[in-house]
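Participant: In the working numbering, the protein residues as written are 54 to 610. Using N, Cα and C, we set each Cβ at its ideal position, and we do this for glycine too. On a predicted model such as this, the values are computed, not experimentally measured, just so you know. Let me begin by handing over the structure; questions about it come next.
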Amino acid sequence: MIDYLGVVAIVFFYLLILVVGIWAGRKAKDVNSMSIDGEQTEEVMLAGRNIGTLVGIFTMTATWVGGAYINGTAEALYNGGLLGCQAPFGYALSLVIGGILFAKKMRDEGYITMLDPFQVKYGQRVGGLLFIPALLGEVFWTAAILSALGATLSVILAIDMTLSVIISAIIAVFYTFTGGLYAVAYTDVVQLFCIFVGLWVCVPASLLQDKTKDLSRNAADWIGTIGGFKETTLWIDCMLLLIFGGIPWQVYFQRVLSSKSSSGAQKLSFVAGIGCILMAIPPALIGAIARNTDWRLTNYNPWNNGTKSESILVDQTNMVVPLVFQHLTPKWVAFIGLGAVSAAVMSSADSSVLSAASMFAHNIWKLAIRPNAHEEEVICVMRIAIIAVGFCATLMALTINSIYGLWYLCADLVYVILFPQLVCVVYFKHSNTYGSVTGYIVGLLLRLSGGEPLLSFPAFIHYPMYEEVIKEDGTQFFPFRTMAMLGSFIACIGTSYLSEYLFANGILPVGMDFLKCVVNIPPERIALHSDVSFNVSSETLNANDFTMIHSDSYYVT
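Here's what the structure looks like:
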């Protein structure tokens, strides 16, 4: 039976978010109306690079603290303790390391998206290849968290999952469509406040009942265990994936690039990292509460036949948070907690939708398809892309059972392919298009070789410590993801140096430079606002009678 009081509470929360989003959209339009040229790409995609440190911290933290973050943290504590709860620590470190290594450099260059340096250095179309894993990661992530929200609403309110997912997606897409990053950033402030208050209201409420034991009794178990050597190598592989694979995402760099200054971009990265840790405390406590609860004393009826269970079923541990809300708190508290989970989901969904749409409009449409497109056309394409991405993510959330498996695979590809490419494009001036393409292919093949059990995709290479499982896909304990990332990095650097050596020394003729990035460089190319990453060595240019003009950048004339 539908809980209409809960529905009213959720409707109120959604209206609050919608009003804030519309207000922020009007703020953006007021700024654009003062512009001589009208609405500008940077105003919509980057809020005019005018996001202050405080709002930036809120929006970056809210983007990372999504529904999967909250549910996953509680599930990890319920299943095995802090050592199994890798996401909060991994993502926090990724923000800090991203701030140290990339935030200042990227913001100083004045890029619009994360993909700009790739297209400047490797060419508009070849650089666009890196759009594929970036786009898929954002879309599948949005679909996964929308699916989680639908499941949560259906558990507590007994409303149709399809309806709840569609309404949530429409609201997020609407205010993102109208207000761009302004709307996303300011709604993130409200959403993060709702997440913080909602979860902390639920923690004491769930403790103040007689079904849960004293948490201090088995506090030592909270640490948990990793296992033996095989399990430790897998744990390290996953932690490295979270830390370094959490950096090359457009949702992160959109906030970095929208900051008023490069120092501000670094500050918001560092403080948001601390915020991620702090926001993990309440869901961690909820997981500990669930672990210390005798669920036979509650109304928890997993088989719907009156049979009780002492603990949450294994296939329902991903629903620890909504189950605690439903069975261990008063209804009014459960509704507040549900608002917190909904806020967490929407704060991540709107950011991912805007990020994917921004990359398509700027890096694919503007730089690869229609270089002469004017500002209004690019913004129009971005808004169409917002609707398209939102529609695709919603459709996937409702139709694909293994959506989390798809997202995990894409997250792996971001780590394996995009991270080494990002390091090369920012820090290695000799990297070129040949190296980028080779690294892309090597990383992709090495990652796919390990398989993906969540998608029933078998491994065609059994690395050391591979463990067969009867009737299921085996487990790769060997850190093959990190191996694939390092292989991609080495291939990118090695091929770049090799190709430059072969062409610069005349071992290969100029005509064989078919990617036109070492010696056979065309006299015209599309330049971004900041072109300092365009890499052509003076030796290579002089060898082919090109003229090099050096100001802060290299230009071919």
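Can you name, in chain order, every residue of its own chain whose Cβ lies under 7 Å from the Cβ of Leu471, other than the five neighbours on each side?
Facilitator: Leu183, Pro186, Ala187 and Pro301
Participant: Do you know how far the Cα of Phe249 is from the Cα of Leu376?
Facilitator: 19 Å
Participant: Could you pull out every residue in the same chain whose Cβ sits closer than 7 Å to the Cβ of Cys138, ignoring the five residues on either side in sequence?
Facilitator: Thr126, Ala129, Leu130 and Ala337
Participant: Going by the DSSP bridge assignment, what does Ile289 pair with across the sheet?
Facilitator: None; Ile289 has no bridge partner.
Participant: Which of the three DSSP states, helix, strand or coil, is assigned to Thr205?
Facilitator: helix
Participant: Take Ile279 as the anchor and find which of Leu107, Ile417 and Phe530 has the nearest alpha-carbon.
Facilitator: Phe530
Participant: For Thr528 and Tyr122, I'd like the C-alpha separation in whole angstroms.
Facilitator: 24 Å
Participant: Alpha carbon to alpha carbon, what distance is there between Tyr67 and Cys247?
Facilitator: 12 Å
Participant: To the nearest angstrom, how far is it from the Cα of Leu507 to the Cα of Leu459?
Facilitator: 8 Å
Participant: Pull up the distance between the alpha-carbon of Ser315 and that of Asn103, whole angstroms please.
Facilitator: 12 Å
Participant: At 4 residues or longer, and completely inside the stretch 177-246: list those alpha helix (DSSP H) runs for me, N to C.
Facilitator: Restricting attention to alpha helix (DSSP H) runs no shorter than 4 residues, the stretch 177-246 encloses them at 177-180 and 184-210, ordered along the chain.
Participant: Report the rounded CA-to-CA distance for His582 versus Gly105, giving the unit in angstroms.
Facilitator: For His582, the predicted structure reports a pLDDT of 47, less than 50, and the residue's modelled location is therefore unreliable. The matter cannot be settled from this model.
Participant: With DSSP as the reference, identify every bridge partner of Tyr519, one or two as the case may be.
Facilitator: Gln529
Participant: What residue range is occupied by the uninterrupted alpha helix (DSSP H) comprising Pro335?
Facilitator: Ile334 to Arg344
Participant: If you reduce the DSSP assignment to three classes, tell me which class Glu17 lands in.
Facilitator: Because residue 17 is not part of the residues shown, which for the chain are 54 to 610, the question remains open.
Participant: For Asp347, count neighbouring C-beta atoms within 10 Å of its own C-beta (all shown protein chains included) and say buried if the count is 16 or more, exposed if not.
Facilitator: Looking at its Cβ environment, which holds fewer than 16 other Cβ atoms inside 10 Å, Asp347 is exposed.
Participant: Rounding to the nearest angstrom, what Cα-Cα distance links Gly151 and His515 in this structure?
Facilitator: Cα-Cα distance, rounded: 33 Å.
Participant: Who are the Cβ neighbours of Gly59 in its own chain at under 6 Å, not counting the five residues just before and after it?
Facilitator: Leu210 and Phe388
Participant: Could you give the distance in angstroms between the alpha-carbon of Leu321 and the alpha-carbon of Met113?
Facilitator: 8 Å
Participant: Along the chain, where does the alpha helix (DSSP H) that runs through Gln262 open and close?
Facilitator: That residue, Gln262, is in no alpha helix (DSSP H); it is neither H nor E in DSSP.
Participant: Roughly how many angstroms lie between the CA atoms of Asp290 and Tyr468, to the nearest whole one?
Facilitator: If I take the Cα positions, the gap works out to 11 Å.
Participant: Do the stretch 160-174 and the stretch 321-335 touch if we need at least three Cβ pairs shorter than 8 Å?
Facilitator: In this structure the stretch 160-174 does not lie against the stretch 321-335, because fewer than three pairs of beta carbons, one per stretch, are closer than 8 Å.
Participant: Counting Cβ pairs closer than 8 Å, one from the stretch 396-408 and one from the stretch 302-311, do we hit at least three?
Facilitator: Cβ pair count under 8 Å is three or more, so yes.
Participant: Per DSSP, Ser312 forms a beta bridge with which residues?
Facilitator: According to DSSP, Ser312 shares a beta bridge with Ile104.
Participant: How long is the line joining the alpha carbons of Ile432 and Ala325, rounded to whole angstroms?
Facilitator: 29 Å
Participant: Is it true that the stretch 497-505 meets the stretch 214-232, where meeting means three or more beta-carbon pairs spaced less than 8 Å apart?
Facilitator: no
Participant: Rounded to whole angstroms, what's the CA-CA distance from Gly340 to Val373? Just pull it up for me.
Facilitator: 7 Å
Participant: Considering only the alpha carbon of each residue, which of Gly390, Ile70, Ser395 and Asn345 lies closest to Thr240?
Facilitator: Of Gly390, Ile70, Ser395 and Asn345, the residue nearest in Cα terms is Ile70.
Participant: Could you pull out every residue in the same chain whose Cβ sits closer than 8 Å to the Cβ of Ile365, ignoring the five residues on either side in sequence?
Facilitator: Tyr131, Ala343, Trp348, Tyr353, Pro355, Met372, Val373 and Leu376
Participant: With DSSP as the reference, label Phe481 as helix, strand or coil.
Facilitator: coil
Participant: Can you list, in chain order, the residues of its chain whose CB lies under 7 Å from that of Gly299, leaving out five sequence neighbours each side?
Facilitator: Gly143, Tyr144 and Ser147
Participant: Which two residues bound the contiguous alpha helix (DSSP H) that contains Ile417?
Facilitator: For Ile417, no alpha helix (DSSP H) encloses it, and the DSSP letter there is neither H nor E.
Participant: Using CA coordinates, which residue listed in Ile276, Tyr461 and Gln93 is at the minimum distance from Val434?
Facilitator: Gln93
Participant: Could you check which residue in Ala414, Arg423 and Ile453 has the C-alpha nearest to that of Glu441?
Facilitator: One point to set straight first is that residue 441 is Ala, not Glu, in the sequence displayed. It is Ala414 whose Cα lies nearest to the Cα of Ala441.
Participant: What ranges does the alpha helix (DSSP H) occupy inside the stretch 349-390, keeping only unbroken runs of at least 4 residues that lie completely in it?
Facilitator: The qualifying runs are 373-381.
Participant: Alpha carbon to alpha carbon, how far is Thr351 from Gly359? Give it in angstroms, no decimals.
Facilitator: 12 Å
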